[in-house]
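Residue numbers (UniProt numbering): 1 to 242.
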């Protein structure tokens, strides 16, 4: 019985000891920390949650999104995008509420990094200063600042998140040539910060090599590849505090 009590207490103690507020803090306090899954317990949340930390030379990054293949569907509801889905060690979406909880601390500023991989062996990235999200009441509105990188800037600032069952874009309708679109998500897929169906969206349909060009719904970042829509082989979104 005492062994059971000790085991339970040890587990609870280790959970508190290793729970943190973000991956950047973990890397700063333990420079030898390796990449992997960690427990986060930001202020104001009722339950801790797991994230994947990319521990790099430039700090610890919290992964928000990873796409590498077709196994995990990103065509999901508002509730799924709010709460998160997938395995944080594999393809996943961390969850808008979790992202909001991590970044709402006004004593910190955040950098968002987007990494892209193509089918020809190339890579590109985009970084944005001053990343934050609004609350659910604000439809998790996206805020980003100054851009740097090699992929081109595609994120539309100050726009609300959209899903198949929550239309927050500005199409009523949007006209593209002779095509009329009333909901960006229905055409572009997944969930994203769409506004008038802008030219980025990393949560659309995943397409294999040889069949990844020309699709409306894809893993798109159109200033990186074009002029025809090019669906990336893989993508990753992550943040760090500065």
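For each residue, glycine too, the CB sits at the ideal point set by N, CA and C.
Query, Result
"How about residue 115: is its C-beta nearer than 8 Å to some C-beta of chain B?", "Of the protein chains in this structure there is only one, and it is not chain B."
"By the three-class DSSP mapping on this structure, what secondary structure does residue 97 have?", "helix"
"Taking the alpha carbon of residue 220 as the point to measure from, which residue in 155, 43, 76, 38 has its own alpha carbon closest?", "155"
"Is it true that the stretch 97-111 meets the stretch 30-47, where meeting means three or more beta-carbon pairs spaced less than 8 Å apart?", "yes"
"Could you check whether residue 116 and residue 107 sit closer than 8 Å to each other, using their CB atoms as the reference points?", "no"
"How far does the alpha helix (DSSP H) with residue 126 in it extend, from its first residue to its last?", "Premise fails: residue 126 lies in the beta strand (DSSP E), 123-128, not in any alpha helix (DSSP H)."
"Determine the burial state of residue 79: buried for a count of at least 16 other Cβ atoms within 10 Å of its Cβ, exposed for fewer.", "exposed"
"Could you tell me whether any non-hydrogen atom of the ligand FAD is closer than 7 Å to the CB of residue 67?", "You won't find the ligand FAD in this model; it holds no ligand whatsoever."
"Which residues in the same chain have their Cβ closer than 7 Å to the Cβ of residue 86, if we skip the five residues on either side of it in sequence?", "72, 92, 93"
"Using three-state DSSP, classify residue 37 as helix, strand or coil.", "strand"
"With distance defined between alpha-carbon atoms, name the residue in 33, 51, 32 nearest to residue 39.", "51"
"Starting from residue 54, trace the beta strand (DSSP E) both ways and give me its first and last residue.", "49-56"
"Distance, Cα to Cα, residue 89 vs residue 47?", "20 Å"
"Does the Cβ-Cβ distance between residue 81 and residue 96 come in under 8 Å?", "yes"
"Measuring CA to CA, which of 83, 153, 210 is closest to residue 201?", "153"
"Cβ atoms of residue 67 and residue 235: under 8 Å apart, would you say?", "yes"
"Terminal residues of the continuous beta strand (DSSP E) containing residue 115?", "110-117"
"Going by DSSP, what residues sit across from residue 65 in a beta bridge?", "93, 237"
"Return the chain-ordered list of same chain residues with a C-beta closer than 7 Å to the C-beta of residue 134, the five sequence neighbours on each side being excluded.", "140, 141"
"Ordered along the chain, which non-local residues of its own chain (more than five positions away) have a Cβ less than 6 Å from that of residue 149?", "125, 126, 127"
"Starting from the Cα of residue 210, find the closest Cα among 238, 225, 233 and give me that residue.", "233"
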